[in-house]
Each structure stands twice: as structure tokens, then as C-alpha cells.
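In the numbering used here, the protein residues as written are -12 to 133.
Remarks on the structure that follows.
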Amino acid sequence: MIIDWAQFTPGASLGGGALIGLAAAILYLADGRIAGVSGIFGAVLSGTRAGLEWRLAFLAGLVAAPWVLGGLPAGALARFDVPLPILFLAGVLTGYGTRIARGCTSGHGVCGLSRLSPRSLVAVLCFMGAGMATVTVLRLLSEARA
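Written out as C-alpha cells, the structure is:
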């Protein structure tokens, strides 16, 4: 395994994690709501009118944060090394998984674990295990092709 030390940014990762935790705490303390991004996004997509303003502001903050914090240059575009249909399928499967688990990584991993929720612990173990298995399989496949 090769580590790309230029891309290893523990300080930025720690700062980002702290900001996510702070946002979750503020939302919970201010409004008694859990900061699960899939639930927030799902409510916007379903047309829920109640709380639409704070949900849109939360989502806008997620999108704008990299530019505000200087992590992305102006006009930066996302680059993906997979075809668009595969990326779309991955997004659909991720959305489906969040519905099955009744929450996403932020809802279960940040908020659920901090509340000592057994359901969140099981969900986090499942999605972390699935992520590790996916990376392992993809690395084995890429090594086999090389």
C-alpha cells in the first residue's frame, strides 16, 4: 500500500469533523433536530414545507463550505474517475441504503453514536464494513488488471 502524503491532511480532517459536530450540536440545541443529511435532503425532495428554510440553509452550507474555507479554487469542478452511469448507480444505492438504515453517516455516525443509540452502532458497523469491503475488492480488481 502506498500513502500519498501530499493528500494526507489530518489537520483539515480534524477541523472538518469538528465543524460537523458543531453544526450537529447547534441544530440539536437550537431546534431539537438530528443533523442527518439524508433526512434533511429527503424532506426537501419530498416537498415538506415545514422547516424548508433551515433545511435549504443547511444544504447550502454543505455545498458552499469548501469555497468559504478556501479548500477549492473558484470555478473548481468535481472530477470522477468512473463513468457517469456508475456514479448515478452509486448515488441511488447510497440513497436506498440510507432509507433502509433510517439514516445516513451523519445521522447515525455523528448524532446517533453520541446519543449511545444501539441502532446507530449497528448501522455504523454495517456501513463501515461495507465501505472497507468495497475498497478491498476494488483494490484487488485494480491490482489484477495491472
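In this text, a Cβ means the ideal position worked out from N, Cα and C, and glycines have one as well.
Predicted model, so just to flag it, every value in this text is computed and none were measured.
Coil, strand or helix - residue i by DSSP
i, result
"D(-9)", "coil"
"T121", "helix"
"I73", "helix"
"L56", "coil"
"S104", "coil"
"C91", "coil"
"F114", "helix"
"F45", "helix"
"T81", "helix"
"R86", "helix"
For residue j and residue i, the rounded distance between their alpha carbons
i, j, result
"I7", "P72", "30 Å"
"I21", "V124", "33 Å"
"S33", "L74", "22 Å"
"G78", "S107", "21 Å"
"G4", "Y83", "25 Å"
"A88", "L49", "22 Å"
"F(-5)", "R66", "19 Å"
"L112", "L100", "11 Å"
"M119", "S104", "22 Å"
"G29", "C91", "11 Å"
"T121", "P(-3)", "23 Å"
"L51", "L16", "Residue identity differs from the one stated: residue 51 is Ala in this sequence, not Leu. Answer to the nearest angstrom: the Cα atoms are 23 Å apart."
Buried versus exposed call for residue i [16 or more other C-beta atoms within 10 Å across all chains shown]
i, result
"I(-11)", "exposed"
"A110", "buried"
"V97", "buried"
"T81", "exposed"
"G57", "exposed"
"G19", "exposed"
"A(-7)", "exposed"
"I13", "exposed"
"T35", "exposed"
"A11", "buried"
Limits of the unbroken alpha helix (DSSP H) element including residue i
i, result
"F28", "V24 to L32"
"A11", "P(-3) to D18"
Sub-7 Å separation of residue i and residue j beta-carbons
i, j, result
"V24", "S93", "yes"
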